[in-house]
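These protein sequences, in sequence, are chains Z and D. Under my numbering, think of the first position of the first sequence as 1, with each following residue one higher. Under my numbering, think of the first position of the second sequence as 1001, with each following residue one higher. Beta carbons: idealized from backbone N, C-alpha and C, even for Gly. Only one structure is covered here, and it is reproduced in the block below.
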Amino acid sequence: MSAFSFFKRPPVLPGFVPSFGFAVLYLSLIILIPLAALLLYVSDMSWAQYWRAISDARVLQSYKVTIQGALYSTVIVSVMGFWWAWMITRYDFPGRRILDALMDLPFALPTAVAGITLSALFVSNGWLGQFLEPYGIKISYAFPGLVLAMVFTSIPFIVRSVQPVLEDLDEGYEEAANTLGATRWQTFSKVVFPAVLPALISGSSQAFIRSLGEFGAVIMIAGNIPFETEVTSLMIFVRLQEFETGAATAIASVVLVTSLALLFLLHMLQARLARR
Amino acid sequence: MKTRRPQSAHQWLIILLGLLMALVMLVLPLALIFSKAFSEGWSVLVQNLSEGYMQHAIGLTVFTALISVPINIIFGIAIAWCVTRYEFRGRRLLMTLVDIPFSMSPVVAGMCYLALLGTETVVGQWLYGKDVQVIFAWPGILLVTLFVTSPYVARILIPLLQAQGTEEEIAAVSLGASGWKILTRVTLPNIKWALLYGAVITNARAVGEFGAVSVVSGTIMNQTLTLPLLVEQLNNDYKTAAAFTAAALLACIAILTLLLKSLMEYIQKKKLEEAQRAV
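Quick look at the structure:
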């Protein structure tokens, strides 16, 4: 066999050409050509035009808000998600099955619905907002609301990454650690946590990437105050509504390239974690 | 790992705090949707549901989902089959490409289609000349929905086909079965639950897509408003009860999705136990 043959192992099963052909054709038509179109559109702009569009003060601030929101929310949701996954896999308590099913709610519920609902819940006269108002805590139409929306949409990514690992964890190791005199905290931090860490990192990365691009939930609750709670996805939209399609496309290209880079990084990280 | 009744006080504390977080983040929001939808009484709810714009949005949303789900199933089977059944160059790249819509802001997805098919582009001009409207019309909505939903069936099938291995299929080949026969008699029966699961998840995503659709929709009442867009529109117009009525419809689909998912996981688990007992 030549060193550069297409197949690394000769195919045994029939059907390569139709399945590969259809998959590649579909991916090209639905994903790759539109992506290329966006980059082509941008390449028509002059460098000065492009730079002005992506480095406008309001846009720069939106990058900062988006990254900050995604960082805070990823930290919060990692703790919450781990907590829930731990409860569901370890303990038998009333409502366990319902809680397990509810973990997928943020995935099944449209983001726009999640946004208006959380917003109505935490607004100053809302079910929960009324208790926070006297303390001067403002969630809806402020930065904390933006973080809350990102936390909500990220929940399944953490729980569903960590849960299977916790389920498969051999109890023997923990028992061994206990018999050898480890404290509960030592068992957790030295035995359980290292085993779960790769899954947690993978889940958190997905949550972070997802939060960077979150739109529906965020715009309904953040109040969208320029320079304060405007995320980058919204800036694209704002430019579109001002009929500045070029500027909107330029900003979109920045987001596109960033998310593609993060996706490739994530895949490399996952491959490395899987090898260990 | 076996679950156990919590014993010590601190274990109960973990559970109570977890339940409290779930109450705030998940249960109360769900309850609020229905409470707001019913806030002005039954008659207003029924009236809101029978409004022309609501009916139109429901129709458009169902139509989009009905077309996206089968297309995604075919694509999912094709790509999962080719990346798990053959070892070829570029296989990993193909798997990464499938994930692109996962990692991208839906607004950017919409922008890609605008850059390809918008009225000021080459393709858009050509379509305009042929009197075909894609952007700010239902074909555009369908296309971005296909983009956003494309990873789900594939991501569910790939690990499953990988885990199942190729023994049964190779046996079928050696007995002289054709490719089509192997697909319909061996592979598909093995993955039918996963396919159904994929269809349910894809449907949930197709029905609920907001960001991408709002870029290409143009939000024209009675023409290009899907249910999630209608929720936003009504909410912006301070028609809270009507907005939450549309939201409640979407929440019902979400709850149905969760129920079906739990049911399918239960069936899967039962089957696994049976298989283990048989051994």
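In the three-state reduction of the DSSP assignment, Tyr91 (chain Z) falls in the strand class. Checking the DSSP bridge columns, you'll see Phe7 (chain Z) partnered with D:Phe1088.
With fewer than 16 other beta carbons inside 10 angstroms of its own, Val12 (chain Z) counts as exposed. The beta carbon of Val1123 (chain D) sits closer than 7 Å to the beta carbons of Leu1116, Leu1117 from its chain, once the five residues preceding and following it are set aside; these are given in chain order. Of all residues in the segment 1033–1065 of chain D, the ones placed with a Cβ closer than 8 Å to any Cβ belonging to chain Z are Ile1033, Lys1036, in chain order. Residues of chain Z whose Cβ lies closer than 8 Å to the Cβ of Ala1243 (chain D) are, in chain order, Ile116.
Distance from the Cα of Ile30 (chain Z) is smallest, within the candidate group D:Arg1085, D:Ala1031, D:Phe1034, D:Ser1150, for D:Ser1150. Looking at the DSSP output, Arg52 (chain Z) sits in no beta bridge, so it has no partner there. Taken atom to atom, the span from the alpha-carbon of Phe93 (chain Z) to that of Ala199 (chain Z) is near 25 Å. Under the three-state reduction of DSSP, Arg1005 (chain D) is assigned to coil, being neither helix nor strand.
Judged by DSSP in its simplified three-state form, Lys1130 (chain D) adopts coil rather than helix or strand. Nearest C-alpha to Thr1187 (chain D) among D:Tyr1266, D:Ile1201, D:Cys1082: D:Cys1082.
The segment 1046–1070 of chain D contains no complete alpha helix (DSSP H) run of 4 or more residues. Residues of the segment 13–47 of chain Z with a Cβ closer than 7 Å to any Cβ of chain D, in chain order: Leu13, Pro14, Gly15, Phe16, Ser19, Phe20, Phe22, Ala23, Tyr26, Leu27, Ile30, Ile31, Ile33, Pro34, Leu35, Ala37, Leu38, Tyr41. Here the alpha carbons of Leu180 (chain Z) and Ala1109 (chain D) stand approximately 55 Å from one another. Secondary structure at Asn1072 (chain D): helix, using DSSP grouped into helix, strand and coil. With a 10 Å radius around the Cβ and a threshold of 16 neighbouring Cβ atoms, Asn125 (chain Z) comes out exposed.
Taking a cut-off of 8 Å for Cβ pairs, the segment 1056–1069 of chain D and the segment 1261–1269 of chain D do not touch, as fewer than three such pairs fall below it. Of Z:Thr232, Z:Leu197, Z:Ile137, Z:Gln206, the smallest CA-CA separation from Thr153 (chain Z) is found for Z:Gln206. Pro11 (chain Z) reaches chain D at Tyr1086, counting residues in chain order whose Cβ is nearer than 7 Å.
The three-state secondary structure of Val254 (chain Z), taken from DSSP, is helix. Here Pro106 (chain Z) is buried, its C-beta having at least 16 other C-beta atoms within 10 Å. For the 7 Å CB-CB criterion, Ser140 (chain Z) and Ile225 (chain Z) do not form a contact.
The beta carbon of Val42 (chain Z) sits closer than 8 Å to the beta carbons of Tyr50, Thr249, Ala250, Ser253 from its chain, once the five residues preceding and following it are set aside; these are given in chain order. Here Ala1037 (chain D) is buried: its Cβ has 16 or more other Cβ atoms, across all protein chains shown, within 10 Å. The three-state reading of DSSP puts Ile137 (chain Z) in coil, since its state is none of H, G, I, E or B.
Residue Z:Ile88 holds the alpha-carbon nearest to the alpha-carbon of Lys1002 (chain D) among Z:Pro10, Z:Leu25, Z:Gln68, Z:Ile88. The beta carbon of Met1021 (chain D) falls within 7 Å of a beta carbon belonging to chain Z, placing the residue at that interface. Nearest Cα to Arg210 (chain Z) within the set D:Ile1267, D:Val1213, D:Ser1105: D:Ser1105.
In chain order, Pro1106, Ala1109, Gly1110, Val1144, Val1148 place their CB closer than 6 Å to the CB of Ala1212 (chain D), counting only its own chain and leaving out the 5 sequence neighbours on each side. In the DSSP assignment, Gly115 (chain Z) falls within the unbroken alpha helix (DSSP H) covering 111–122. For Lys1261 (chain D), the residues of chain Z that pass the 9 Å Cβ criterion are Ala101, Asp104, Ala108, in the order they occur in the chain. Judged by DSSP secondary structure, Ser1214 (chain D) falls within the alpha helix (DSSP H) whose first and last residues are 1211–1217. It is roughly 20 Å from the alpha-carbon of Arg1205 (chain D) to the alpha-carbon of Ser259 (chain Z).
One thing to note: Ser1039 (chain D) has its Cβ within 7 Å of the Cβ of Ala1241 (chain D). Look at Met235 (chain Z) here: in three-state DSSP terms it is helix.
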